[in-house]
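As C-alpha cells, the structure follows; a few thoughts come after it.
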Amino acid sequence: MNDGQLLRYSRHILLDEVGIEGQERLGQARVLIVGAGGLGSPAALYLASAGVGRITLADGDTVDLTNLQRQILHTLERVGQPKAVSGQTALRGINPEVTVEAITTRLAGDALAAQVAEADVVLDCCDNFATRHAVNRACVRHHTPLVSGAAIRFAGQLAVFDSRRDHTPCYNCLFPEGDDVEEVRCAVMGVFAPLTGIIGAMQAAEALKLIIGVGEVAVGRLWLLDGLSMEWRSVRFGRDPECPVCACDGVS
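This is how it looks when you write it as C-alpha cells:
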C-alpha cells in the first residue's frame with residue numbers, strides 16, 4: 002500500500018480485526034452487486050469507500066425521478082441514464098482507485114453464471130423473486146457467498162448464504178421457488194427511504210466481513226427489521242435436505 006492508501010484507509014487499519022492485511026484483502030476483492038437501486042446504492046457506496054478493488058454493478062433499468070427519494074447513487078442530472086452507468090459515475094467520484102464495471106442489461110443465464118464465478122461475494126439488491134432465485138442458483142453452483150437484502154414499506158430483512166460451509170442453507174431453503182409468495186414492489190406499496198439505507202449498509206458490512214474474514218456473519222439467520230418501532234428480530238433457519246438447489250445431488 003502506498004502512503005495515500007495508508008492515509009485513506011487509516012481508520013480501517015487502526016482496527017485490530019482489519020489492519021493492513023485486511024485492507025489489502027479488500028483491495029484485491031471483487032464484488033458483484035445485482036441491482037443499483039435502493040439497496041444497491043448504499044451498499045455500493047460503502048464498498049467503494051472501503052476500498053473494495055473491483056465492483057460490478059448490474060442493473061437493466063434507467064434512473065427515474067421517483068428513484069431519487071431513496072436511491073442515493075443517482076442524481077437529478079442523471080435521470081434517464083442507465084442505473085449501472087449512473088452508479089459507476091458516483092463510485093468513481095468517491096474512490097477513483099476502485100475499478101467499477103457497469104452492466105446495463107439484466108443478468109441471466111451464462112452471463113450471470115460468469116459474473117458470479119468471478120466474484121468473491123455477491124450482493125442481491127434486486128426487487129423480484131425470479132432474479133433472486135437465479136442469483137442463488139448461480140452462487141450455490143460456484144460456491145460464492147451471497148448477501149441478500151430486501152425492503153418494502155417499513156419492513157426490512159437481511160440474510161447471508163455461504164455454500165462454502167458444510168450443511169448451510171441457501172436462499173431457496175428459506176424461500177422455496179414456486180411457493181405462492183406475493184411479490185410486492187415499491188412502485189405499488191411504497192418504501193420508507195432510510196430503510197433501504199439501513200439494509201443496504203448492513204449488506205455492505207456483511208460483505209466486508211466475509212472478504213476480510215472477521216466476525217460472525219448472518220448465515221442461517223434471517224434478520225427482520227420493523228422500521229416503525231425500530232425493533233430487530235432474528236429467526237434461525239436450517240438447510241432443507243430436499244432442497245433442489247443446494248442438496249448434494251441437486252446442484253445444477
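Residue numbering for the sequence shown follows my numbering, beginning at 2 and increasing consecutively.
Ideal Cβ placement from N, Cα and C applies to all residues, glycine included.
For clarity, every value in this text was computed on a predicted model and none was experimentally measured.
- Task: For the beta strand (DSSP E) containing S164, list its first residue and its last residue.
- Result: Here residue 164 refers to the residue found at position 163 of the sequence shown. Careful: S164 lies outside any beta strand (DSSP E) and carries neither H nor E.
- Nearest-angstrom Cβ-Cβ length linking G201 and G150, presumed shorter than 8 Å: Within the sequence shown, the letter at position 200 stands for residue 201. Within the sequence shown, the letter at position 149 stands for residue 150. Contact annotation, G201 with G150: C-beta distance approximately 6 Å; criterion of less than 8 Å satisfied.
- Task: Starting from E18, follow the beta strand (DSSP E) in both directions and report where the run begins and ends.
- Result: In the sequence shown, the residue the question calls residue 18 occupies position 17. No beta strand (DSSP E) contains E18, which DSSP labels as neither H nor E.
- Message: Can you tell me whether C244 is buried or exposed? The criterion is at least 16 other CB atoms within 10 Å of its CB, across all chains shown.
- Response: Position 243 of the sequence shown holds residue 244. Of the other Cβ atoms in all chains shown, 16 or more fall within 10 Å of the Cβ of C244; this residue is therefore buried.
- Message: Can you find the residues in the same chain that come closer than 6 Å, C-beta to C-beta, to H13, ignoring five residues on each side of it along the sequence?
- Response: Along the sequence shown, read from residue 1 onward, the residue named residue 13 stands at position 12. Taken in chain order, the residues that qualify are V19 and Q24.
- Query: Just reading off the beta strand (DSSP E) that T57 is part of, what are its end residues?
  - Reply: Translated into positions along the sequence shown, residue 57 becomes position 56. Its beta strand (DSSP E) spans residues R55 to A59.
- Query: Cα separation between E98 and G54?
  - Reply: As a first step, residue 98 must be located in the sequence shown, where it is residue number 97. As a first step, residue 54 must be located in the sequence shown, where it is residue number 53. The alpha-carbon atoms of E98 and G54 are separated by roughly 7 Å.
- Message: Determine, for Q116, whether the minimum Cβ-Cβ distance to residues of chain B falls below 8 Å.
- Response: No chain B appears in this structure, which consists of one protein chain only.
- Message: Tell me the rounded alpha-carbon separation between Q72 and N3.
- Response: Here residue 72 refers to the residue found at position 71 of the sequence shown. Here residue 3 refers to the residue found at position 2 of the sequence shown. One C-alpha to the other measures close to 33 Å.
- Query: Can the beta-carbon of V32 be found less than 8 Å from the beta-carbon of A208?
  - Reply: Along the sequence shown, one-based indexing puts residue 32 at 31. Along the sequence shown, one-based indexing puts residue 208 at 207. Yes, they are a contact pair.
- Cα separation between G214 and A205? Position 213 of the sequence shown, counting from 1, holds the residue named residue 214. Position 204 of the sequence shown, counting from 1, holds the residue named residue 205. Pairing G214 with A205, the inter-Cα distance amounts to about 14 Å.
- Message: At the level of alpha carbons, what is the spacing between S42 and H143?
- Response: Here the question's residue 42 lines up with position 41 in the sequence shown. Here the question's residue 143 lines up with position 142 in the sequence shown. So the two alpha carbons sit approximately 25 Å from each other.
- Query: Closest by CA to A44, which one among A156, I104, V122 and L225?
  - Reply: Translated into the one-based positions of the sequence shown, residue 44 becomes position 43. Nearest C-alpha to A44: V122.
- Measuring CA to CA, which of A248, G221, Q116 and A131 is closest to L159? Along the sequence shown, one-based indexing puts residue 159 at 158. Selected option, being the one with the closest Cα: G221.
- Task: Specify the secondary structure class of D4 as computed by DSSP and reduced to three states.
- Result: Taking the sequence shown and counting its residues from 1, the one referred to as residue 4 is at position 3. Of the three classes helix, strand and coil, the one that applies to D4 here is helix, per DSSP.
- Message: By the DSSP assignment, the beta strand (DSSP E) with R79 in it spans what residues?
- Response: As a working note, residue 79 is residue 78 in the sequence shown. Segment: none, R79 is in no beta strand (DSSP E) and carries neither H nor E.
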